[in-house]
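Student:
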Amino acid sequence: MTLALEDAPFLDVANPAFSLRSEPVRKARDASWYAKTPYGLAVLRHKEMGELLTHKSLIQGSHNWPALNGVPSGYFADWWNSSILVTEGDDHWRLRRLVNPAFSPKVVKTMMPEFERIATDLTDAFIDKGRCDFMAEFADPYAARVLCLILGLPETEAAFILRTSATMGLALGVNYKAEIDAIEAATKELGDYMNAVLAERQANPGDDILSAMVQATADGDRLSDAELKNLALMLAFAGVDTTRNQLGLGMSMFMDHPAQWDALAADPSLDMAAATEVMRMRPTITWVTREAIEDFDYGGITVAKGTVLHLYSESAGTDPAAMEDASFDITAKRARNYGFGGGIHHCLGNIVARNDMAVAYRLLSQRLKTPVADGPATWLADSGNTGPVTLPIAFDLR
91 MTLALEDAPF LDVANPAFSL RSEPVRKARD ASWYAKTPYG LAVLRHKEMG ELLTHKSLIQ
151 GSHNWPALNG VPSGYFADWW NSSILVTEGD DHWRLRRLVN PAFSPKVVKT MMPEFERIAT
211 DLTDAFIDKG RCDFMAEFAD PYAARVLCLI LGLPETEAAF ILRTSATMGL ALGVNYKAEI
271 DAIEAATKEL GDYMNAVLAE RQANPGDDIL SAMVQATADG DRLSDAELKN LALMLAFAGV
331 DTTRNQLGLG MSMFMDHPAQ WDALAADPSL DMAAATEVMR MRPTITWVTR EAIEDFDYGG
391 ITVAKGTVLH LYSESAGTDP AAMEDASFDI TAKRARNYGF GGGIHHCLGN IVARNDMAVA
451 YRLLSQRLKT PVADGPATWL ADSGNTGPVT LPIAFDLR
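With the sequence shown counted from 1, adding 90 to any position gets you my numbering.
(1) Three or more C-beta pairs closer than 8 Å, one from the region 275 to 287 and one from the region 248 to 262: is that the case here?
(2) Following the continuous alpha helix (DSSP H) through E113, name the residue where it begins and the one where it ends.
(3) Compute the beta-carbon to beta-carbon distance between I240 and I383, rounded to the nearest angstrom, for a pair I have assumed lies under 8 Å.
(4) What is the DSSP secondary structure of V442, counted as helix, strand or coil?
(5) Express the C-alpha separation of R380 and L300 in angstroms, rounding to a whole number.
(6) May I ask you to verify whether the region 451 to 458 touches the region 356 to 363, counting CB pairs closer than 8 Å and requiring at least 3?
(7) Using beta-carbon positions only, say whether V236 and I217 come within less than 8 Å of one another.
(8) Name the one or two DSSP bridge partners that W469 has.
(9) Which of helix, strand or coil does DSSP assign to D409?
(10) Can we say the region 163 to 183 touches the region 406 to 414, given the rule of at least three CB pairs closer than 8 Å?
(11) With a threshold of 7 Å on Cβ separation, who are the neighbours of M303 within its own chain once the five nearest residues in sequence on each side are excluded?
(12) Quick one: what does DSSP say I383 is sitting in, helix, strand or coil?
(13) Count the other CB atoms, across all protein chains shown, that sit within 10 Å of the CB of R488; report buried if there are 16 or more and exposed otherwise.
(14) Would you mind working out which of F108, N475, A229 sits nearest V378, comparing C-alpha positions?
(15) Identify the continuous alpha helix (DSSP H) that holds H145 and give its terminal residues.
(16) For K459, list the residues DSSP reports as bridge partners.
(17) Do A484 and T333 have their CB atoms nearer than 8 Å?
(18) Using a Cβ-Cβ cut-off of 8 Å (strictly less than) and excluding sequence neighbours within five positions of L158, which residues of its own chain qualify?
(19) Please state if the CB of W351 and the CB of T210 are separated by a distance shorter than 8 Å.
(20) By the DSSP assignment, the alpha helix (DSSP H) with G130 in it spans what residues?
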């Protein structure tokens, strides 16, 4: 069934109190493959999300996000609007061709023992207490220390990277404009720091990902200074903010589904499946954005040029038409989920993210029985980029 544009459901996703996992979204998905929102159209079903991620009449639409929030310029907006996320066509393919070797599975595999070391070190610090704030004592420092590792930074810089990247991450939520002063300051501070690190890598390259990018060539082509600076800031920002949020969301899912935590403890080889299933059910990136570059007909409606579409990752990932029993189950075989996007804009660092999350879930499940809430958690808005701010847990030891 396809509803006419004027009859489509409306979802007030710009309201910070609105949840993309709420009953209105479920009812809208039952009624139609799309809904109207203050930002444009929302795509709610798995089939349509998969098709529209690679539709020839759509480009990556995230460049609109600052302007949609009333912040068309500034440190964050100017950087965002020239990033690899919003670059299209041959320019985008060129950047990916130059950068992809730095994120190869072979490179990531060599880092796995260090991921395990960091996870073990952090767990050792709180395990005897039988409780912790999972975000402050594990997810946040783990994401930041892993980022320092892959960029070749001292782990002593982790707190700085965490603070600035987390503040920048507020720009990807629906409270962007209200947090603008802090976001701008953090963007400049982290950008200046990464520029200094790049200058040092250009003079004295090592064996880290930044050094690989500095030295990357393809058919005589190299990344320009401006491209390196933009990419370095993207790595420092996205490499921490999305991982820490996703780890917190994952822990919340396992707390609600203790049998799944026990399944992972019994079979550690399910670690990658666990990371993937968490992203299907509770993705921190709650929507992927596209923009129409021409009028086109799709799914019984005409999508006008300039229309912004937000493709809802969780709604598509839990669509019963694609997932049948869509309950949280790390042992189930699933249709593809789109937590890392798709098409030419598929997340560049997805291999690193999948592996560092898998390591964290695996090692924690080996040492802790299923955690339970140890007080109220606090949360970012459940739209845009989401996750716990605090997540107090208590646990027994295995």
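C-beta: ideal position from N, C-alpha, C; glycine also.
Tutor: Looking at the atomic coordinates:
(1) Touching, yes.
(2) The count along the sequence shown starts at 1 and reaches residue 113 at position 23. Looking at the DSSP string, the run of the alpha helix (DSSP H) that includes E113 is 113 to 121.
(3) Counting from one through the sequence shown, the residue named residue 240 turns up at place 150. Counting from one through the sequence shown, the residue named residue 383 turns up at place 293. Between I240 and I383 the beta-carbon gap is near 34 Å, outside 8 Å, which marks them as no contact.
(4) Here residue 442 refers to the residue found at position 352 of the sequence shown. Residue state, collapsed to three classes: helix.
(5) Start at 1 with the first residue of the sequence shown, and residue 300 comes out as number 210. Start at 1 with the first residue of the sequence shown, and residue 380 comes out as number 290. Rounded to whole angstroms, L300 and R380 show a C-alpha spacing of 29 Å.
(6) Segments in contact, yes.
(7) One-based indexing of the sequence shown puts residue 236 at position 146. One-based indexing of the sequence shown puts residue 217 at position 127. Contact flag unset, no.
(8) The residue you call residue 469 lines up with position 379 of the sequence shown. Partner residues in the beta bridge of W469, as assigned by DSSP, are P478.
(9) Taking the sequence shown and counting its residues from 1, the one referred to as residue 409 is at position 319. Coil.
(10) No contact exists between the region 163 to 183 and the region 406 to 414.
(11) Stepping through the sequence shown from its first residue, residue 303 is reached at position 213. Excluding positions up to five away in sequence, the list reads V189, A192, L313, L318, L321.
(12) As a working mapping, residue 383 is identified with position 293 in the sequence shown. In this structure, I383 counts as coil in the three-state DSSP scheme.
(13) Position 398 of the sequence shown, counted from the start, is the residue given in the question as residue 488. Answer is exposed; the Cβ neighbour count stays below 16.
(14) In the sequence shown, counting from the first residue as 1, residue 378 sits at position 288. Looking only at F108, N475, A229, the smallest Cα-Cα distance to V378 is reached by N475.
(15) Position 55 of the sequence shown holds residue 145. Element bounds for H145: n/a, residue is neither H nor E.
(16) To locate residue 459, count along the sequence shown from 1; it is residue 369. Per DSSP, none; premise fails for K459.
(17) Here the question's residue 484 lines up with position 394 in the sequence shown. Here the question's residue 333 lines up with position 243 in the sequence shown. Result no, Cβ atoms of A484 and T333 do not sit closer than 8 Å.
(18) Position 68 of the sequence shown, counted from the start, is the residue given in the question as residue 158. If you ignore the 5 residues before and after L158, its C-beta comes within less than 8 Å of the C-beta of Y129, V398, all in its own chain and listed in chain order.
(19) The residue labelled residue 210 in the question sits at position 120 within the sequence shown. The residue labelled residue 351 in the question sits at position 261 within the sequence shown. No, the Cβ-Cβ distance between T210 and W351 is not below 8 Å.
(20) Along the sequence shown, one-based indexing puts residue 130 at 40. Here G130 belongs to no alpha helix (DSSP H); instead the beta strand (DSSP E) covers 130 to 133.
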